[in-house]
Amino acid sequence: MRKLITATLLATLMAGSALADTKLKLVEVITSPERTETLKSIVAKFEAANPGTTVEIISLPWGEAFQKFATMVSAGEVPDVMEMPDTWLSLYANNGMLESLEPYLEKWEHTSGLTERALELGRDVNDTAYMLPYGFYLRAMFYNKKLLAEAGVAEPPKTMDDFVKASEAVSKLPGKSGYCLRGGPGGLNGWVMFGATMAGDNKFFNEDGTSTMNSEGWVKGLTWVIDLYKKGLAPKDSVNWGFNEIVAGFYSGTCAFLDQDPDALIAIAQRMKPDDFGVTTMPKGPSGKAFTTIGYAGWSMLSSSQNKDLSWKLIETLEGPEGNIEWNKRTGALPVHKSAEKDPFYASPQFKGWFDELADKDVVLTVMPTYLEEFAFFKDSLAIKTTQEALLGDITPEELANQWADYLTKAQQKYLASKK
């Protein structure tokens, strides 16, 4: 009997030791100091509710995140949970690396409180929730009221022509430019928005799978962006700017316009008085419409995780109403819970521009073809290289458009063939 008690006690102690040693790895890829601190705060609540479990947070700098995470995967350093951008979802889901969250969502008490759009986008690949979106990123136009007044511009631009004229006026001021161009990592949204707006259409492909990107309308739009830069209406070094640089360019007063999601509000509101800037609808093109990109990001569980139930509990903590709203208030995304609409924070004047845009019948929300497995490389590598070459005059707008069309046509036709 004594041996049995001793064995039982030993087994219990070993189980306790194993529990104490449980560590989850969480990778953050859309990284900033504010985001990381917020993530640590929410994760601390998870650790407190799950004694013996610790979470290692690995924060990858966004400009290099795609390549760095791919390197981690190649080395076998795969996390349990990761922050999943919409543009990466197809790549990793179609390669069998992500766990379906459907069994967990079936039992989760908060699933019915999610917006329909959140569930729809989370199931973008094979109608399966390989990711649970935490928020939406909708582009709108920030404008510096003081700079516009100094340049003699009476109101924020409503059309693309107005935008160019206002940028020209501001660029005449010493050391000032009209537009904070994102020529480096993450810049594809601007090219797509302005390209589609000038084209009057946001269709990416014809029925046979050929890309529309080298059509006359899209070439006109891509040329519009290139000309804006070549005319000096954006800072010269903005050819390399990423998120942090364009936001700093705006709040420092270097340039008067910035197209960004609500996450840019965090740094801007800390450094500018509310009366010194505004947010308005993206300018409309010749068709009378604006084509504004909407994106999303969320949390995914890796199929290789040895602690799937705990990983889901971590996602639950991050995605539950309390964690989700705390996260989005600090990171700037529009939350995925219906209950968030009642939160006074989102009724503030700062968010009016985005809600006006959502209500505008002439604003067409544009979701990029993130379902393509090849889109992640296109966005985070090919698009950056080719747009920088075009801005610097190394290739023509037509050559840029043709390179994009060739790549995307192959990807779309491969996708269509897989569905037959």
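Counting from 1 along the sequence shown, just add 79 to a position and that's the residue number in this note's numbering.
Backbone N, C-alpha and C define an ideal beta-carbon position, used for all residues, glycine too.
Keep in mind it's a predicted model, so treat the numbers as computed, not measured.
Quiz item: Where does leucine 98 fall in DSSP's three states?
Solution: Within the sequence shown, residue 98 is the residue found at index 19, counting from 1. Reliability of the predicted coordinates at leucine 98 is poor, the pLDDT of 44 falling under 50, and the value obtained from them is presented with this limitation in mind. If DSSP states are grouped into helix, strand and coil, leucine 98 belongs with the helices.
Exercise. Using beta-carbon positions only, say whether lysine 225 and aspartate 355 come within less than 7 Å of one another.
Key: The sequence position of residue 225 within the sequence shown is 146, counting from 1. The sequence position of residue 355 within the sequence shown is 276, counting from 1. It is a contact, given that the beta carbons lie within the stated cut-off.
Exercise. Please report how far the alpha carbon of valine 243 lies from the alpha carbon of glutamate 135, in whole angstroms.
Key: Position 164 of the sequence shown holds residue 243. Position 56 of the sequence shown holds residue 135. Each residue's Cα considered, the two are about 47 Å apart.
Self-check item: Burial state of alanine 426, where buried means 16 or more other Cβ atoms lie within 10 Å
Solution: For this step, residue 426 is matched to residue 347 along the sequence shown. Its Cβ having fewer than 16 others within 10 Å, alanine 426 is exposed.
Quiz item: In or out: threonine 372 buried (at least 16 other Cβ within 10 Å) or exposed?
Solution: Start at 1 with the first residue of the sequence shown, and residue 372 comes out as number 293. So threonine 372 counts as buried.
Quiz item: Which residues does DSSP pair with glutamine 339 in a beta bridge?
Solution: Taking the first residue of the sequence shown as 1, we reach residue 339 at position 260. Note: glutamine 339 sits in a beta bridge opposite Ala219.
Self-check item: Same chain, Cβ closer than 7 Å to glutamate 468, neighbours up to 5 away in sequence not counted
Solution: Looking up residue 468 in the sequence shown gives position 389. The answer, listed in chain order, is Ile474.
Exercise. Determine the direct distance from the alpha carbon of aspartate 206 to that of leucine 198, and round the result to whole angstroms.
Key: Taking the first residue of the sequence shown as 1, we reach residue 198 at position 119. Taking the first residue of the sequence shown as 1, we reach residue 206 at position 127. So the two alpha carbons sit approximately 10 Å from each other.
Quiz prompt | phenylalanine 424 classed as buried or exposed, judged by whether at least 16 other C-beta atoms fall within 10 angstroms | solution = One-based indexing of the sequence shown puts residue 424 at position 345. Counting Cβ neighbours within 10 Å, phenylalanine 424 comes out exposed, since fewer than 16 surround it.
Practice problem: Out of Trp391, Asp338 and Ala462, state which residue places its alpha-carbon closest to the alpha-carbon of tyrosine 216. | Solution: As a working note, residue 216 is residue 137 in the sequence shown. Per the Cα distances, Asp338.
Practice problem: My understanding is that alanine 369 touches threonine 360, with C-beta atoms under 8 Å, so please give their C-beta distance in whole angstroms. | Solution: Start at 1 with the first residue of the sequence shown, and residue 369 comes out as number 290. Start at 1 with the first residue of the sequence shown, and residue 360 comes out as number 281. Confirmed, about 6 Å.
Exercise. State the DSSP-derived secondary structure class of lysine 392, mapped to helix, strand or coil.
Key: Counting from one through the sequence shown, the residue named residue 392 turns up at place 313. Reduced to three states, the DSSP call for lysine 392 is helix.
Quiz item: In three-state DSSP terms, what is leucine 381?
Solution: Within the sequence shown, the letter at position 302 stands for residue 381. Correct three-state label for leucine 381: strand.
Practice problem: For methionine 239, name the three-state secondary structure that DSSP assigns. | Solution: As a first step, residue 239 is located in the sequence shown; it is residue number 160 there, counting from the start. Helix.
Quiz item: Shortest alpha-carbon distance to lysine 352 belongs to which of Gly332, Gly367, Asp340 and Pro365?
Solution: The residue you call residue 352 lines up with position 273 of the sequence shown. When only C-alpha atoms are compared, the closest one is Gly332.
Quiz item: Can you name the start and end residues of the beta strand (DSSP E) that methionine 272 belongs to?
Solution: Locating residue 272 in the sequence shown gives position 193, where the first residue counts as 1. No beta strand (DSSP E) contains methionine 272, which is instead part of the alpha helix (DSSP H) from 267-278.
Quiz item: What's the C-alpha gap between glycine 364 and methionine 239?
Solution: Within the sequence shown, residue 364 is the residue found at index 285, counting from 1. Within the sequence shown, residue 239 is the residue found at index 160, counting from 1. Roughly 6 Å separates the two Cα atoms.
Practice problem: Determine the burial state of aspartate 165: buried for a count of at least 16 other Cβ atoms within 10 Å of its Cβ, exposed for fewer. | Solution: For the purposes of this step, residue 165 is taken as the residue at position 86 of the sequence shown. The residue is buried, with at least 16 neighbouring Cβ atoms inside 10 Å.
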